[in-house]
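Following: one structure in C-alpha cells, then a few remarks.
Numbering (the numbering used here), first residue to last: 11 to 194.
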C-alpha cells in the first residue's frame, strides 16, 4: 500500500535516507556516528517546513512495515529548505552539513524526485517501480526530474524503462550523475 508518510514512519525513513547518504559518501556520515545522524534526521522529518516532511514523502507499506519511500517536491523550492536544518534546534555541530546540499540538483520547472529507496529485504519486488509510477501518475502534468549515479546501472535501467530520458551529465559530490527527465 502506498500512502503519505506519517510521524510514526520517521525512524524507517531516516534509516533509508542514511543508506542513500552512505552510498554518496557524504561528510556527515563520516563525521558522526549512525545513531546521532538518525536522531537528527528523525527530528527533521517531524518539521513540516523541512523538505522531507509528510507533504513530500510517500511510503510503501508491507504488512504494516515501511518497505520503501519516494521523496519529491517542486524543483524551484529546493533551496527554500536550506535554513530549516539550523532552526530545528539541532546541535550547532550539524549546521555545516545542512541539507539540502550545497549543489543544485533540481530544475525550477520540474517536479524533482529527490530520493527513492527500499530496504534490502524488499528489493526485487517492484516496490521502487510502484512508488515511481504512483508519483508519475498522480502528480500534475509537468516534467519530472531526477539524478542517477552513472554507475548505478540497475536504477538507470529502471528510470529508462519508466520513460525517463538522460539530458545532462553532472558532477555532484565527487561523483558523476545523469540528470534525467520524464514528460507526460
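C-beta: ideal position from N, C-alpha, C; glycine also.
- Taking the CA atoms as reference points, residue 70 sits about 31 Å from residue 184.
- Between residue 163 and residue 187, the CB-CB gap reaches or exceeds 8 Å.
- Take the alpha-carbon of residue 27 and the one of residue 120: they are about 22 Å apart.
- Proximity to residue 78 across 85, 68 and 179 peaks at 68, based on C-alpha coordinates.
- Bounds of any alpha helix (DSSP H) do not take in residue 82; it lies within the beta strand (DSSP E) bounded by 75-84.
- Around the beta carbon of residue 178, fewer than 16 other beta carbons lie within 10 angstroms, which makes this residue exposed.
- Selection 66, 152 and 173 evaluated against residue 139 yields 173 as nearest (Cα-Cα).
- With contacts defined by Cβ atoms closer than 8 Å, residue 146 and residue 126 do not form a contacting pair.
- In this structure, residue 85 keeps its C-beta atom at 8 Å or more from the C-beta atom of residue 50.
- For residue 17, the secondary structure class from DSSP, reduced to helix, strand or coil, is helix.
- When the Cα atoms are used, residue 13 and residue 66 turn out to be separated by approximately 11 Å.
- In the DSSP annotation of this structure, residue 154 is not part of any alpha helix (DSSP H); the continuous beta strand (DSSP E) holding it starts and ends at 154-159.
- One thing to note: residue 191 has its Cβ within 8 Å of the Cβ of residue 175.
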